[in-house]
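In order, the protein sequences belong to chains U and E.
Once you know that position 65 of the first sequence is 131 in my numbering, the rest is easy, because the numbers rise by one and skip nothing.
Once you know that position 108 of the second sequence is 174 in my numbering, the rest is easy, because the numbers rise by one and skip nothing.
Below is one structure; the comments refer to it alone.
Protein chains: 2
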Amino acid sequence: MELKPIGRITSPYKTHQDAPRQGKMSKEEMIVEIFPEYTDAMLGMREGDPIFLIYWGDRADRSALRTVPPGHSEEHGVFTTRSPHRPNPLAVNICRVVKIEGNILTVVGLDALDGSPLLDIKNHVPMLDTHLDVQ
Amino acid sequence: MELKPIGRITSPYKTHQDAPRQGKMSKEEMIVEIFPEYTDAMLGMREGDPIFLIYWGDRADRSALRTVPPGHSEEHGVFTTRSPHRPNPLAVNICRVVKIEGNILTVVGLDALDGSPLLDIKNHVPMLDTHLDVQ
Chain U
67 MELKPIGRIT SPYKTHQDAP RQGKMSKEEM IVEIFPEYTD AMLGMREGDP IFLIYWGDRA
127 DRSALRTVPP GHSEEHGVFT TRSPHRPNPL AVNICRVVKI EGNILTVVGL DALDGSPLLD
187 IKNHVPMLDT HLDVQ
Chain E
67 MELKPIGRIT SPYKTHQDAP RQGKMSKEEM IVEIFPEYTD AMLGMREGDP IFLIYWGDRA
127 DRSALRTVPP GHSEEHGVFT TRSPHRPNPL AVNICRVVKI EGNILTVVGL DALDGSPLLD
187 IKNHVPMLDT HLDVQ
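Structural data, given as structure tokens:
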């Protein structure tokens, strides 16, 4: 199961210490470059769209199974947290497309570190993706 | 960027035609096995928890860049849809843990095909993961 980078994120956050705990806490506008061979997959994307953006946490500790989350004193399993450190460091952010210029997106709501490989973008559908809808 | 399977999903859906368009449309309870070497990462998971579950769409067409979504007549870029067919077939479902028995979870809200490799579980935090919070 080999991932292909489909783009690259430019971020002011250089280390995990710089980054907010969640993308939702970030007010930074970031540049997301979609590699030219994948721009066809952007057809119909509009400024203002809410999206799921998935990137690869390439500086994560993939051996981490437990962590002490901020504000807690005891260990949690990483699958019950949002820690970036986990066996498959797949980071899912719900963010908003601010601007589209060719293959360059400006996005707000991302917690990515600078240079993170982009893996996927999906449209975010409130009716489907809201906690209250979970059976 | 090589993914490690952390578990495996047992599903009544054998083909894309069998599966609902979205996990939220599924009322099926599915069995999710966490491989023994990763059960430490489940510490603190509770029955009833809403979670993000990420699996690998191992039967997806990874060459697909455009698709005609159900109910539409014109092509969309796959990054503006929830099509399972995309360069990196990372499927994100918001679902609910119904039961936990050792390393076996029973989960509702999944659209996975039978045998799909599990990649990651994160807790779902309504405050952070709701569309209305997107700036």
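We treat Cβ as the ideally placed atom computed from N, Cα and C, and that holds for glycine.
For the segment 89 to 162 of chain E, the full-length beta strand (DSSP E) segments reaching 3 residues or more read 95 to 100, 116 to 122 along the chain. Residue 81/E carries a coil assignment under DSSP once its states are collapsed to helix, strand and coil. Secondary structure at residue 70/E: coil, using DSSP grouped into helix, strand and coil. Put simply, the CB of residue 148/E is near chain U, with a gap under 8 Å to one of its CB atoms.
Taking the C-beta atoms as reference points, residue 96/U is found no nearer than 8 Å to residue 157/U. In the three-state reduction of the DSSP assignment, residue 86/U falls in the coil class. The Cβ atoms of residue 110/E and residue 161/E do not sit closer than 8 Å to each other. The Cβ atoms of residue 173/U and residue 119/U lie closer than 8 Å to each other. Taking the beta carbon of residue 134/E as reference, no residue of chain U falls within 8 Å; the closest one sits roughly 11 Å away. A Cβ-Cβ separation of about 12 Å leaves residue 152/E out of contact with residue 106/U under the 8 Å criterion. Our two residues, residue 137/U and residue 87/U, have alpha carbons roughly 12 Å apart in a direct line. Distance from the CA atom of residue 91/U to the CA atom of residue 185/E, rounded to whole angstroms, is 25 Å. Bridge pairing for residue 183/U: 74/U [DSSP]. Per the coordinates, the alpha-carbon of residue 180/E lies some 25 Å from the alpha-carbon of residue 134/E. For residue 189/E, DSSP records a beta bridge to 117/E. Under the DSSP assignment, residue 171/E falls in the beta strand (DSSP E) whose first and last residues are 170 to 174. Not a single CB atom of chain E sits nearer than 8 Å to the CB of residue 177/U. Minimum Cα-Cα distance from residue 159/E among the listed residues 141/E, 80/E, 149/E, 101/E corresponds to 149/E.
Here residue 123/E has 150, 155, 157 as same chain residues with Cβ atoms under 6 Å from its own Cβ, once five neighbours each way along the sequence are excluded. By the C-beta density criterion, residue 188/E is buried, having at least 16 other C-beta atoms within 10 angstroms.
Restricting attention to 75/U, 195/U, 79/U, 83/U, the CA atom closest to the CA of residue 99/U is found in 75/U. Identification of chain U residues near residue 110/E by a Cβ-Cβ cut-off of 7 Å yields 142, 143, 146, ordered along the chain. For residue 94/E, the closest C-alpha among the options 85/E, 101/E, 102/E is that of 85/E. Counting only the Cα atoms, residue 190/E lies some 34 Å from residue 140/E. Counting only Cβ-Cβ distances below 7 Å, residue 96/E has no contacts in chain U at all, with the closest Cβ about 12 Å away.
With a threshold of 8 Å between beta carbons, residue 166/U makes no contact with chain E.
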